[in-house]
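Worksheet for the structure shown next.
In full-length UniProt numbering, the protein residues as written are 1 to 117.
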C-alpha cells in the first residue's frame with residue numbers, strides 16, 4: 001500500500017511537471033504572438049498623434065454667438081456678507097489727535113479768560 005502511494009505521488013509529480021512546462025511554453029508562445037500586433041497598434045497610435053499635432057484642425061467657431069445663451073454676459077454677483085473674522089471688518093474708532101485736543105484746551109482757556117475781562 002505504501003508502495004502504491006509512493007508510485008501515485010511519483011506519477012503525480014511527473015504529471016505536474018509536464019503540465020507546468022507545457023503551460024510555460026504556451027504562455028511564451030502567446031506572448032511572442034501578441035508582441036507584434038501590440039507593437040504595431042502602439043506605433044500606429046503614436047504616429048497618428050504626431051501627425052495630428054503637426055496639422056491642427058481649424059476651429060470654425062460658433063455659428064451665432066449672439067443667440068447662444070452661454071456667450072451672453074452674466075449678471076453681477078451679489079456682494080457677500082462680510083465675515084466678522086475678516087481682517088479690517090471691525091470698524092475702528094479713532095481718538096482725537098493730540099493737535100486737536102490742544103486746540104480744544106486752548107479754546108477753553110481763551111473762553112475762561114474772556115469771562116474775566
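From the three backbone atoms N, C-alpha and C, an ideal C-beta is built for every residue, glycine too.
Legend entry - residue 32 to residue 44 span [Cα, whole Å]: 19 Å
Inset, instruction - Helix, strand or coil for residue 87, going by three-state DSSP, please let me know. - result: In this structure, residue 87 counts as coil in the three-state DSSP scheme.
Inset, instruction - Give me the Cα-Cα distance between residue 53 and residue 69, rounded to the nearest whole angstrom. - result: 32 Å
Legend entry - residue 24 versus residue 14: straight-line alpha-carbon distance, rounded: 15 Å
Legend entry - As assigned by DSSP and simplified to three states, the class of residue 16: helix
Inset, instruction - Decide if residue 116 is buried, meaning its Cβ has at least 16 other Cβ atoms within 10 Å, or exposed. - result: Low local confidence applies: a pLDDT of 49 at residue 116 is under 50, so the model's placement there is unreliable, and no value is given.
Inset, instruction - Could you check the C-alpha separation between residue 34 and residue 26 for me, to the nearest Å? - result: Our two residues, residue 34 and residue 26, have alpha carbons roughly 12 Å apart in a direct line.
Legend entry - Three-state secondary structure assigned by DSSP to residue 11: helix
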